[in-house]
Each structure stands twice: as C-alpha cells, then as structure tokens.
Amino acid sequence: VVKPQRSTNMIEAIKKAGGNPKVTLYPEVGHNSWVNAYSDPEMLKWLFNQKK
Numbered sequence: 001v002v003k004p005q006r007s008t009n010m011i012e013a014i015k016k017a018g019g020n021p022k023v024t025l026y027p028e029v030g031h032n033s034w035v036n037a038y039s040d041p042e043m044l045k046w047l048f049n050q051k052k
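When we follow the numbering used here, the leftmost residue of the sequence shown carries the number 1, and every step to the right adds one.
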C-alpha cells in the first residue's frame, strides 16, 4: 500500500515528463485495492492502450 501523497507526487512527475497518467484512489480499501482496479473495464482499456 502506497501513501496517497507519494502517488500524487509520482503523477505530477509523470505529467511534467509529458505523460498522461490516470490515478484512482480507493479510500479505506487497503491492500485489496487491486480488486477494485481490475474490476473497472475503463482501467483495463487504458492500461492496454499504453505504448512505450
């Protein structure tokens, strides 16, 4: 589990580098936040559309 502020800092750094990150925070979910994330079809669509 990552502190939200660290995620926010990373998102800002990615944006400054020209990236287009997406972030969703799940308050009070804890370690099982991946269940919510992978249940979201929009997240999977976004994930698999990323190019290096």
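C-beta atoms are modelled at their ideal positions from N, C-alpha and C, and glycine is treated no differently.
If you look at Y38, you'll find it in the alpha helix (DSSP H) that goes S33 to Y38. Distance from the CA atom of Y38 to the CA atom of K15, rounded to whole angstroms, is 23 Å. Annotated as distal: V29 and N20, with beta-carbon spacing of 8 Å or more.
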